[in-house]
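In this text, residue positions in the sequence shown follow UniProt numbering: the first is 1, and each later residue adds one.
Built from N, CA and C at the ideal position, the CB exists for glycine as well.
Here the structure is laid out as structure tokens; the discussion comes afterwards.
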Amino acid sequence: MMMSGEMWTQLGSAVASLMFAWAMLKQYFPDELRHIEKYGQKLVSFVFPYVQITFNEYSGDGFHRCKAYTAIETYLMANSSSRAKRLRADMERENQSVVLSMDDREEVTDEFQGIKVRWASNKSTPRIQSISIYPNEDEKRYYKLTFHRQHRDIIIKTYLNHVLDEGKALQVKKRQRKLYTNTGSEGWNRYTYRRTMWSHVDFQHPATFETLALEPKLKQEIINDLITFSKAKEYYAKVGKAWKRGYLLYGPPGTGKSTMIAAMANLLQYDVYDLELTAVKDNTELRKLLIDTSSKSIIMIEDIDCSLDLTGQRKKEKEKDEDKEKDPLLKNAKNEDDSKSSKVTLSGLLNFIDGLCFEAFKVLAKNYLDLESHHLFTTIRCLLEETNMTPADVAENLMPKSAEDGPESCLENLIKAFEKAKEEARLKAEEEERVKKEEERLKAEEEEKQKAEKEKEKCDEEVKEKKTSDEEGK
Numbered sequence: 001m002m003m004s005g006e007m008w009t010q011l012g013s014a015v016a017s018l019m020f021a022w023a024m025l026k027q028y029f030p031d032e033l034r035h036i037e038k039y040g041q042k043l044v045s046f047v048f049p050y051v052q053i054t055f056n057e058y059s060g061d062g063f064h065r066c067k068a069y070t071a072i073e074t075y076l077m078a079n080s081s082s083r084a085k086r087l088r089a090d091m092e093r094e095n096q097s098v099v100l101s102m103d104d105r106e107e108v109t110d111e112f113q114g115i116k117v118r119w120a121s122n123k124s125t126p127r128i129q130s131i132s133i134y135p136n137e138d139e140k141r142y143y144k145l146t147f148h149r150q151h152r153d154i155i156i157k158t159y160l161n162h163v164l165d166e167g168k169a170l171q172v173k174k175r176q177r178k179l180y181t182n183t184g185s186e187g188w189n190r191y192t193y194r195r196t197m198w199s200h201v202d203f204q205h206p207a208t209f210e211t212l213a214l215e216p217k218l219k220q221e222i223i224n225d226l227i228t229f230s231k232a233k234e235y236y237a238k239v240g241k242a243w244k245r246g247y248l249l250y251g252p253p254g255t256g257k258s259t260m261i262a263a264m265a266n267l268l269q270y271d272v273y274d275l276e277l278t279a280v281k282d283n284t285e286l287r288k289l290l291i292d293t294s295s296k297s298i299i300m301i302e303d304i305d306c307s308l309d310l311t312g313q314r315k316k317e318k319e320k321d322e323d324k325e326k327d328p329l330l331k332n333a334k335n336e337d338d339s340k341s342s343k344v345t346l347s348g349l350l351n352f353i354d355g356l357c358f359e360a361f362k363v364l365a366k367n368y369l370d371l372e373s374h375h376l377f378t379t380i381r382c383l384l385e386e387t388n389m390t391p392a393d394v395a396e397n398l399m400p401k402s403a404e405d406g407p408e409s410c411l412e413n414l415i416k417a418f419e420k421a422k423e424e425a426r427l428k429a430e431e432e433e434r435v436k437k438e439e440e441r442l443k444a445e446e447e448e449k450q451k452a453e454k455e456k457e458k459c460d461e462e463v464k465e466k467k468t469s470d471e472e473g474k
């Protein structure tokens, strides 16, 4: 069987060379002889009647590992170790067992519903080679699936879904949760095999809510809230809110904030991302970091009050006045330190979080209005739970529009903005529902029309066949 596979591989290479030569020849081919091209294509299809599908390890900007590739990799790890000749070994940290997978440029066969297919593990290297002690970042790994063209529909519609579902199920079964840490803007892509903005280790914290020293009633409320949130993805999508939830934990060191987060992660079976804001260059890099996180994860931001400039523009104005009287050498040294420090702002962080929790609103109210409490806060808390508004929009409505505007009028303006956004969201949802129903109606009419046309064609064909049969009988 392997000899047959090698023979077809050599034949495929020969056909590929022939196609390349034909492509070069076509440029100088007279237009009068162009009709010969279709015969050449038929010849190639006859000699090599196979379809090939490539699954690259990285797609898009190269930061995100393709989910289809990882699912296929897991599927082949479970199904190819007994058939492949060249294997790559790795060690699982949890149970210290050896895990085997296909080595580069290896090929195995798989069978599905009596159909045989071939999987090949390959990698492409750059044409311009550089001498380095570090792995080449430009190497691109990929899997190639080859099958006969007569099985195209079954492979594409059924087999690939089978492979992806099996791979995902195996990933869930053997999944090891991770603790991620951002590696900093200067060192995140220097020595790793692929570019990544996060480094990780296995997450193995023993904390649970059973061992957490917390008032029982409050503990149960938190557990219920977490479980309800974890099952509410469809509800959040229905009301048009981001499927995210924010908790503000505060207190002196040693009061159990980190242990609380570990217990939450163990309850939900989520990964944990430890976001160090002082290592983030600016809001743009912060956006890239948050985009590169997994959907079911906890993002932990420690010492947020020490890492960000909470007073914003007021601090800049004060520094501008001080700089006028500062020694030039000291001023240059300070500018150099500022260029190395983080430029992440509170408003930038809250904007990227995509959704404002009440505690974050209180921070904005303190910064903009110098308010720590107000009787309108209760109304705003309810509106925050019902309406999706970015922190930038909240901050805009909190800012006084005239000298006569006081804190209460600013809060009233914010409530009006929330109510307006809530009404717009309701109208938008109704319009989307109306459009969806209209599309479904048109689709049903089109399907009915196509069905009627097919039935008419079938009847016409039967009449034609009967007429032909009658004529032959005469």
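Measure the alpha-carbon distance for residue 121 versus residue 275 and round it to whole angstroms.
Taking the straight line joining both Cα atoms gives about 35 Å.
Taking the alpha-carbon positions, what's the residue 443 to residue 429 distance?
21 Å
Along the chain, where does the alpha helix (DSSP H) containing residue 388 start, and where does it finish?
No alpha helix (DSSP H) contains residue 388, which DSSP labels as neither H nor E.
Going by DSSP in three states, residue 368 sits in which element: helix, strand or coil?
Assignment of residue 368 by DSSP, reduced to helix, strand and coil, places it in the helix class.
Between the stretch 217-232 and the stretch 158-177, do at least 3 Cβ pairs fall closer than 8 Å?
no
Any idea what DSSP makes of residue 54, helix, strand or coil?
strand
Comparing alpha-carbon positions, which option in 77, 97, 125 and 98 lies nearest residue 109?
77
Less than 7 Å separating the Cβ of residue 229 from some heavy atom of the ligand FAD?
Absence of the ligand FAD from the depicted structure is noted, as is the absence of any ligand whatsoever, leaving it without description.
How many Å lie between residue 433 and residue 242 at the Cα?
19 Å
Only counting runs of 3 or more residues, tell me where the beta strand (DSSP E) segments fall wholly within the stretch 192-258, in order along the chain.
198-202
Going by alpha carbons, who is nearest to residue 99 out of 65, 90, 50 and 107?
Ranking the options by Cα distance to residue 99, first place goes to 90.
Grouping DSSP H, G and I as helix and E and B as strand, with all else coil, what is residue 404?
coil
Under the assumption that residue 219 contacts residue 209 (Cβ atoms under 8 Å), give the Cβ distance between them as a whole number of angstroms.
6 Å between Cβ atoms; contact.
Please list, in chain order, all residues of the same chain as residue 124 whose beta carbon is under 6 Å from its beta carbon, the five residues on each side excluded.
140
Taking buried to mean at least 16 other C-beta atoms within 10 Å of its own C-beta, is residue 74 buried or exposed?
Counting Cβ neighbours within 10 Å, residue 74 comes out buried, since at least 16 surround it.
Once DSSP output is grouped into helix, strand and coil, what is the label at residue 293?
coil
Could you tell me which residues DSSP puts in a beta bridge with residue 148?
50
Give the DSSP-derived three-state secondary structure of residue 140 in the structure shown.
strand
How would you write the range of the beta strand (DSSP E) that residue 157 sits in, first residue to last?
It is not in any beta strand (DSSP E) - residue 157 carries neither H nor E in the DSSP assignment.
Can you check whether the CB of residue 415 is closer than 8 Å to the CB of residue 376?
In contact: residue 376 and residue 415 (Cβ atoms closer than 8 Å).
Please confirm whether residue 213 and residue 263 have their CB atoms less than 8 Å apart.
Taking 8 Å as the Cβ cut-off, residue 213 and residue 263 do not qualify as a contacting pair.
So what's residue 314 in DSSP terms, helix, strand or just coil?
Since pLDDT at residue 314 reaches only 39, below the 50 mark, its modelled position is unreliable, and the value read off the structure follows with that caveat. If DSSP states are grouped into helix, strand and coil, residue 314 belongs with the helices.
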